[in-house]
Structures are given as structure tokens and as C-alpha cells.
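Before any comments, here is the structure.
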Amino acid sequence: MINRVAEQLREITSWPRAAIMLIVTIILLVTYFQYIGPLEEYGGGAPHLDVRFGVGYSHADVLKYFDTLGVEGRAFYAKTTLFDTIWPLCIGVCGALWAPLAFHNNFWVVVAAASPVLFGILDLLENIGLWIMLSQYPEISQSVASVGNAITLVKQAMIPGWVLSIPGLPIIAIFRRLLG
130 MINRVAEQLR
140 EITSWPRAAI
150 MLIVTIILLV
160 TYFQYIGPLE
170 EYGGGAPHLD
180 VRFGVGYSHA
190 DVLKYFDTLG
200 VEGRAFYAKT
210 TLFDTIWPLC
220 IGVCGALWAP
230 LAFHNNFWVV
240 VAAASPVLFG
250 ILDLLENIGL
260 WIMLSQYPEI
270 SQSVASVGNA
280 ITLVKQAMIP
290 GWVLSIPGLP
300 IIAIFRRLLG
């Protein structure tokens, strides 16, 4: 299975695709952090649900946060969550494109691609949960809040992997190419 996954990644990978995806990912990441600024104001300074690092959130936290956001803030959160879906998926694609360029061994290709890809998938699932909670407000299901929180905490555990992968894989790939 590892060999099949690595070969499929090699089939879609090229230097131009990987380079373009890296540039797009960086631009979207920087844009996202600029875009979400007003969310902190709507939330009265409280961090939004998907960045409550290490502590997560409870059902009561969701209700309180959404109440603090107000109608306009909740609408803005829904829009930022849509944008928040795009760049993490780009991180996953970026990791998948750069891993075969950085490593020749199939095992390491799959291992190197795993963290960014899992991060992108988990972020998508997290955002689906946020949209469900936003649409259910004020009658938010406790189970949706619990599952959403669990996904958020697991996604947060993937952050060090993609933070190292996105600059690390291109650097390794460039060195491998230069050194032949």
C-alpha cells in the first residue's frame, strides 16, 4: 500500500506544480491571517473555536462564543471558516507534491506527506462541524460540539508536522536536486 500511495504521488508531482502550490499556499496563509483580524473584535477578544490550542472548547464555550459574536460576527465567522477551508487543503496538496521530490524511498514519501495531508483533511472536517454549529445556533447539539472539539484537538496535534514540512520538504528537495 505504501508503494502504491508513493507511486500515485509521484505521478501527480512535478517541480512546477509543487512550486506553484507552495507559492499559492503561502499567499493564502498570509491572506487568511490578515482576513480573520475582525473575528477577535466580534468575539470580545476571545480566540475563535478552532484556535483554542490545547484546551479546546465545550458546548457551553460554543454557546457563549456564538452569543458574544452576535449575528454579524457569526456571519463573518461562517465566511472566515469557508476561507479557512481553502488554505489548509492547499497545505495538504503542497505536502503531497513536495514529498516525492524530497525523498526517493517510498516509505519516507508517504510519511512526509502524511502530516500536511491529515491536517488538511482534519481542518475540512473541523470546518464542517463549525458550519453545522453555526447553522444550529442557538440549539447546538452537544454531540456536534464534542466531536468538533475532538477533531480540533487532533488537528492541532498535526500543526508541528505541517509547519516543519512546508518549508522543510522544498529545502530537502532542492538540496537533493542540486547534489544530484
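Okay, so the sequence shown: first residue is 130 according to the numbering used here, each after it adds one. Just so it is clear, CB atoms sit at the ideal spot from N, CA and C, and this is done for glycine as well.
Do you know how far the Cα of residue j is from the Cα of residue i?
i	j	result
Leu253	Phe182	17 Å
Phe304	Leu230	10 Å
Glu268	Met150	40 Å
Ile288	Asn234	24 Å
Met130	Glu136	10 Å
Leu218	Ile250	7 Å
Pro176	Leu308	45 Å
Glu140	Leu263	39 Å
Glu170	Val200	13 Å
What did DSSP end up calling residue i once you bin it into helix, strand or coil?
i	result
Met150	helix
Asn234	coil
Val134	helix
Thr209	helix
Tyr266	coil
Quick one: residues in its chain with C-beta nearer than 6 Å to the C-beta of residue i, no 5 flanking neighbours on either side, listed in chain order?
i	result
Lys208	none
Arg146	Leu226
Skipping 5 residues on each side, what residues in its chain have a beta carbon closer than 7 Å to that of residue i?
i	result
Trp291	Ile220, Gly224, Ser244, Pro245, Phe248
Gln271	His188
Trp216	Thr154, Leu157, Leu158, Tyr161
Trp260	Ala207, Thr210
For residue i, I'd like the list of residues in its chain whose CB is within less than 8 Å of its CB, leaving aside the five on either flank, ordered along the chain.
i	result
Pro167	Phe205
Round the Cβ separation of residue i and residue j to the nearest angstrom and send it over; I've been treating them as touching at under 8 Å.
i	j	result
Thr197	Gly173	5 Å
Ala279	Val191	Between Val191 and Ala279 the Cβ distance is about 13 Å, and since that is not below 8 Å, they are no contact.
Leu178	Tyr194	6 Å
Is the closest heavy atom of the ligand SAM to the C-beta of residue i under 7 Å?
i	result
Asp196	In the structure shown, the ligand SAM is absent, as is every other ligand, since no ligand is present at all.
With 8 Å set as the bound, which would you pick, yes or no: does the beta-carbon of residue i sit closer than that to a beta-carbon of chain B?
i	result
Thr160	The displayed structure is made up of one protein chain only, and chain B is not part of it.
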